[in-house]
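Take the sequence shown: its letters are residues 1 to 477, numbered as in the UniProt record's numbering. Ideal Cβ positions, reconstructed from N, Cα and C, are used throughout, including at glycine. None of the values given here were measured: they were computed from a predicted structure.
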Amino acid sequence: MAYCLNPNCLKPENFHSGQFCASCGLPFLLKKRYEAGKPLGQGGFGRTFLGRDIHLPNAPSCVIKQLYLQQSPVGTHKKAIQLFEQEAVRLFELGNHPQIPTLFAHFEQNGDLYLIQEWIEGQTLTPHLWQEREDLEARIWELLRGLLPVLQFIHERKVIHRDIKPENIIQRQQDRAFVLIDFGIARVLSQTALMGGATVVGTLGFMAPEQLRGTVLPASDLYSLGVTCIHLLCGTDPEKLFDIVDERWLWRDHLPPGTTISPRLGKILNQLLHPSLRQRSQSAFEVLREMDAMGIPTEEKPSRATTTNSPPPSLTRTPQQSTLFSETTAAPSIQIDYTQLQLLLSKRKWRDADEETWAIVCQLAGKNRGTYIFNSDIQYLPCQDLKTIDRLWFQYSKGKFGFRVQVQIYQEVGEEYHLFCDRVGWTTHQLPFEDKSLKFSLRAPVGHLPSRRWIGGYAWWKHANILMQTFNRCEIF
């Protein structure tokens, strides 16, 4: 089905395969490549659709955001386009973060403005699904660890989200990371909003007191994140959790029966939720620093069934079982056949060799082929197998590729990941179609392969540091 984007079209749904709307006659495609399909939502300033790029037929879907300008006053039309361009630049910058959707394109067509963004496959947070799990506190820590770095990232770039709530947080299907979406009302600190004025924008119940009066600060987003946490914990609307007479939160009185919250989490939430700006947490960095002082873990668990506080039930791993080993536990011996990898490398079939390397690493980590590998998996890969993989890549590329080459480059640039990526020819962020940015040829930059396509998790960019530490432990040089 193709959906007509003309706001005045009486029958926008089209089930035929033509290029023009059967009702109003306008063409379906935007910029001759983007086609809208299923409507996803509608607000005061526009609509959102699930779309596709016909130039990339095998690519995942995209999101098309249509912003109305046709009914705006003539005097504000030019200013609105100018501010839209400025906001789009910000969105391009924010899209460099792996937990913010990438902006693919922005343009004006037929009097309306459009944003084409990455489609995130996953599920938005809801109290109902959240409370199906017993470990509510652990999940809140996980959410805070996942989103606070994202807020730190956008606040450092002078952007405030202004509408943080469960519906704007997606837990991505591929790696379970929390992704912050809907920056359509994000506001640059030094500018007015896209549609003009100091309009109060956000969601009642989740907005900080100062936001209700038209002022937003980084602490305003932190307040909304705190409200999101207690909403998920209690399964109750925020309005019912706040005592307007005494002006204080009563969220502990609404916790599910049998649920207890530790003093550590209670302290963090109270600091996020304080109505007074003076007494509220001022920055995401400040909250993260306090969590570090409390000893809250920084790394996600590759398997939710196993924790670092309990020993593994077995020292035998199968492709269907992922076990996290303690630092004092030796990884089990797994017999790997390297014949195929050696054959592919000898024939310089670099893409196939990269796929085979991914498959081998998955096997070593006890995961299914094609599964993402976390940083905590890398540090427990058997030393001998890492040596073998590295030796084969290094040998058949004549010293140009291999893990040891990547580790050496990472050390040479002072362990700065963006400089490392620049040297090996990678983008500083993971793209939705990562392999399109890779060069499977000896003409690629030194250290370009093996790729990082198999790296997942919240802190995926730390993989180079973890690999360096693992190489030092295994004495691979």
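Straight-line gap, residue i to residue j (C-alpha atoms, nearest Å)
i	j	result
Trp249	Pro209	13 Å
Leu144	Leu222	10 Å
His161	Phe183	6 Å
Cys234	Leu136	10 Å
Gly425	Leu50	32 Å
Asp163	Leu225	9 Å
Leu277	Leu217	9 Å
His254	Tyr372	38 Å
Gln271	Ala219	10 Å
His448	Arg264	43 Å
Tyr417	Ile455	14 Å
Met207	Gly214	11 Å
Leu345	Lys400	13 Å
Ala293	Leu147	18 Å
Cys421	Val245	55 Å
Trp461	Val179	16 Å
residue 482	Arg423	Only positions 1 to 477 of the chain appear in the structure, and residue 482 is not among them; the question remains open.
Cys21	Gly95	33 Å
Phe104	Asp175	22 Å
Arg351	Tyr338	16 Å
Pro275	Glu290	20 Å
Bounding residues of the alpha helix (DSSP H) (the contiguous stretch that carries residue i)
i	result
His231	Pro218 to Cys234
His106	Careful: His106 lies outside any alpha helix (DSSP H), inside the beta strand (DSSP E) at Leu103 to Gln109.
Cys24	No alpha helix (DSSP H) holds Cys24; DSSP gives it neither H nor E.
Lys387	Cys383 to Tyr396
Ile268	Pro263 to Leu273
Gly146	Leu136 to Glu156
Val424	Tyr417 to Val424
residue 478	Residue 478 lies beyond the stretch modelled for the chain, which goes from 1 to 477, so this question has no answer here.
Cys474	His463 to Cys474
Start and end residues, beta strand (DSSP E) containing residue i
i	result
Asp53	Gly46 to Asp53
Leu113	Asp112 to Glu118
Glu35	Tyr34 to Gln42
Val179	Phe178 to Leu180
Gln171	Ile169 to Arg172
Leu67	Cys62 to Leu67
Gln123	Gly122 to Thr124
Buried versus exposed, by CB contacts within 10 Å (16 or more), residue i
i	result
Ser437	exposed
Phe15	exposed
Gln99	buried
Cys4	buried
Lys367	buried
Glu475	exposed
Ile54	exposed
Thr48	buried
Cys229	buried
Glu327	For Glu327, the pLDDT reaches just 29, beneath the cut-off of 50, and the residue's location in the model is therefore unreliable, leaving the point undetermined.
Leu212	exposed
Gly402	buried
Pro57	exposed
Arg404	buried
Thr470	buried
Arg317	Residue confidence is low: Arg317 scores 27 on pLDDT, short of 50, so the model does not pin down where it sits. Its coordinate-derived value is still stated next. Buried, by the Cβ-count rule.
Pro450	buried
Glu415	exposed
Gln406	buried
Gly41	exposed
Gln279	exposed
Same chain, Cβ closer than 7 Å to residue i, five either side skipped, listed in chain order
i	result
Ser68	Note that residue 68 is Tyr in the sequence shown here, rather than Ser. Cβ within range, chain order: Pro7, Phe45, Gly46 and Asp112.
Arg139	Trp130 and Arg133
Ile231	Per the sequence shown, residue 231 should be read as His rather than Ile. Closer than 7 Å at Cβ, skipping near neighbours: Pro127, Pro166 and Pro238.
Cys24	Cys4, Asn6 and Cys9
Ile181	Pro101, Ile120, Asn168 and Ile170
Asp243	Leu250
Tyr410	Phe420, Ala464 and Met468
Arg33	Asp53, Ile54 and His55
Gly202	Arg162, Asp163 and Gln211
Other residues of its chain near residue i: CB distance less than 6 Å, five sequence neighbours each side excluded
i	result
Gly18	none
Ser190	Residue confidence is low: Ser190 scores 34 on pLDDT, short of 50, so the model does not pin down where it sits. Its coordinate-derived value is still stated next. The answer is none, since no qualifying residue turns up.
Ile466	Asn375, Ile378 and Gln379
His106	Ala88 and Leu115
Val227	Phe206 and Pro238
Contacting residues, own chain, Cβ-Cβ under 8 Å from residue i (five flanking each side not counted)
i	result
Met1	Glu13, Asn14, Phe15, Gly37 and Lys38
Leu341	Ala353, Glu356, Thr357, Ile360, Ile389 and Leu392
His463	Asn375, Ile378, Arg452 and Ile455
Glu93	Arg157
Ile336	Ile360, Gln363, Leu364, Asp385 and Thr388
Open item on the list: Is it the case that the region 243-263 contacts the region 116-124, given that we only count it when at least three CB pairs across the two stretches are under 8 Å?
Closed with: no
- [ ] Tell me, please, whether the region 277-293 touches the region 151-165 by the rule of three or more beta-carbon pairs shorter than 8 Å.
- [x] yes
Task: Stretch-stretch touch, CB-based, cutoff 8 Å, three pairs: the region 358-372 with the region 435-443 - done: Too few Cβ pairs lie closer than 8 Å, so no.
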